[in-house]
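Numbering (the working numbering), first residue to last: 175 to 356.
Glycine included, C-beta positions come from ideal geometry on N, C-alpha and C.
None of the values given here were measured: they were computed from a predicted structure.
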């Protein structure tokens, strides 16, 4: 009977997957090195939270228009805020191995730096569940940044989105994480 593996699968253990019969370092691979959604049914329900951020770099003219709310498409930050919240709620539909999570709260904040012409977007997400909300926070921050880009691209094509990162997380077996040097 064919196991479904070929010679390409034999090297998976070295690159983060698992060869047949060997446990994987990464939880999203089965014992054959194939992708799987992790079964979290045995994990306890705990309070979980995560914060992530992304930074949008604009030129001075575009930044001024965002602050003044004078772009033709409307209030950039209001739309980006709603987009980030919606993205957190839809994360499991766009990231293949993410679980559907009943979110208890999503908040999107903006830190406008006029000296640097940047918008730092922070997404905070909370739930009570068996798995964390890091991906929901990262997705929310990313989509909010992409929405700023979309709304500003008519006046500036060289917008840069940078520094998408997890800032902190709490809850669950792996405990607390707080990024140093933010």
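Item checked: Check: residue 237 C-beta below 7 Å from any heavy atom of the ligand NAP -> What this structure holds is no ligand at all, so the ligand NAP is not there to describe.
Check: Can you tell me the Cα-Cα spacing of residue 348 and residue 306, whole angstroms?
Finding: 10 Å
Checklist line | Classification of residue 310 by the beta-carbon crowding that lies within 10 angstroms, buried from 16 upward | finding: buried
Note to self: Give me, in chain order, the residues of the same chain whose beta-carbon lies closer than 6 Å to that of residue 344; leave out the 5 immediate sequence neighbours on both sides.
What the structure shows: 223, 350
Next item on the list: Mind reading off the beta-carbon distance from residue 242 to residue 282? Whole number of angstroms is fine, and I expect it under 8 Å.
Entry: Wrong, their Cβ atoms sit about 20 Å apart, outside the cutoff.
Check: CB residue 299 to CB residue 322, shorter than 8 Å?
Finding: no
Check: Under a three-way DSSP split, which group does residue 326 fall into?
Finding: helix
Notebook entry, point to check: Beta carbon of residue 227, beta carbon of residue 315: below 8 Å?
Noted result: yes
Item checked: Continuous alpha helix (DSSP H) stretch holding residue 237: start and end -> 234-242
Check: Quick one, which of 230, 202, 205 has its alpha-carbon nearest residue 330's?
Finding: 230
Item checked: residue 348 (DSSP reduced to helix, strand or coil) -> coil
Check: Closest by CA to residue 273, which one among 204, 212, 341?
Finding: 212
Next item on the list: Under the assumption that residue 232 contacts residue 240 (Cβ atoms under 8 Å), give the Cβ distance between them as a whole number of angstroms.
Entry: 7 Å
Checklist line | Ordered list of beta strand (DSSP E) runs contained in the segment 262-313, each at least 3 residues | finding: 277-287, 292-303
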